[in-house]
Every structure is written in structure tokens, then in C-alpha cells.
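The letter at position 37 of the sequence shown is residue 37 when you use UniProt numbering, and the numbering goes up by one with no holes.
Read through the structure below, which is laid out as C-alpha cells, and then see the notes.
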Amino acid sequence: MGRRKIEIESVKNPNTRQVTFSKRRSGLFKKANELSILCGAEVAIVMFSPGNKPYSFGHPGVDVVAAKYLQQDPEPSDSEGDFSSDASNMDELNLELDEVLAEIREGEKQTETYDEILKQNEVTTLSGLEELKDLYKEFQDKVKLRLSDLEISECMMLLAKEPVVGVNTKSAKSE
Numbered sequence: 001m002g003r004r005k006i007e008i009e010s011v012k013n014p015n016t017r018q019v020t021f022s023k024r025r026s027g028l029f030k031k032a033n034e035l036s037i038l039c040g041a042e043v044a045i046v047m048f049s050p051g052n053k054p055y056s057f058g059h060p061g062v063d064v065v066a067a068k069y070l071q072q073d074p075e076p077s078d079s080e081g082d083f084s085s086d087a088s089n090m091d092e093l094n095l096e097l098d099e100v101l102a103e104i105r106e107g108e109k110q111t112e113t114y115d116e117i118l119k120q121n122e123v124t125t126l127s128g129l130e131e132l133k134d135l136y137k138e139f140q141d142k143v144k145l146r147l148s149d150l151e152i153s154e155c156m157m158l159l160a161k162e163p164v165v166g167v168n169t170k171s172a173k174s175e
């Protein structure tokens, strides 16, 4: 089943008419742009919406095409000029774009290198920290053991100097 043929007639509803205008306008501008690119044609379209708002499209510009159509010399303006100067500007812009893209690629490579270095440092740092943590725990255990040894020695020395309360040293020796 193909497309149905529609009758071309004015759209009665103003809202629908505005929507249809907007959709058809953008489609028409796209086709005019494609025509100018593919064929190198100079195109100008001027239209007014149902609300009397003007819309235009032109390549290289509406003024240039209109002046050429009316066989007048076009007045070069800042935004529009002759096609050859636009082409040279495009070449310059393309070169600039290539340079920027090369810089971006180089920056991405540097970022990857820095990321690898950072990961290696993190692994080295983490393994070093874990080793220090283990050594610290061993040191703590040794200090605790040494402290308990010192406490035991201190208690033994105190016991040797003074007998336990309630035990008579003379009676303990005689028994």
C-alpha cells in the first residue's frame, strides 16, 4: 500500500494551519539546503507565516541571490559575502578543526598515561601501607608482651622485698 494522494486545499483550523506551516517550512528549508549543497545552486526562499511573521533561507544569502536575480551587484555584508571567500574561510576553519582534534587526541593519550601512573602509584602506596599496618600490629604485640613481662618482673621484685601480708616469714621458714 503506497501513500494516499491528498487534496491540496487550505487548512481551516488556524492551530492546525500553524503546525502544518512550521513542519512544511522546515522540510522546505532542508530541501533547499540539500539542493544548494548537492548542485551548487544559489537558492533563496522568502515566506510569511499565517501570522505574518517573515522567514527566509538563502545560500549563499538571500540578499546575494535576490540581487543577482534582479541583476544588481550584491552588497557584501559582514555575515554574507561572496562564495569564494566563504570557501577559503571554510578551509581555514577545517584546518583549525583538525588542529583542535589532534590536540584533543594528544590530551586523551596523556590522560591515559597519567591514569596508568596513578593506578600504579595507588597500588604501590596501598601495598606499602598494608605492609606498614602489618608491621605496626607486630610491633604492638611485641610491646604488649614486653609490658606484661615487665609487670611480672615488677611483681616478682615486690614479692621478694616484702612478704605477702598475713604470712609470717619466721613461721613460714620453720614449717
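For glycine and all other residues, C-beta sits at the position ideal for the given N, C-alpha and C.
Since we're looking at a predicted model, the values are computed, not measured.
So, is residue i buried or exposed, given that buried needs 16 or more other C-beta atoms within 10 angstroms?
i      : result
Val-46 : exposed
Val-64 : buried
Identify whether residue i lies in helix, strand or coil by the three-state DSSP scheme.
i      : result
Ala-44 : strand
Could you pull the DSSP bridge partners for residue i from this structure?
i      : result
Pro-54 : Phe-48
Residue i and residue j look like a contact to me (Cβ under 8 Å); what is the Cβ gap, rounded to whole Å?
i      : j      : result
Pro-50 : Arg-17 : 5 Å
The stretch 33–46 contacting the stretch 57–73, beta-carbon criterion three pairs below 8 Å: yes
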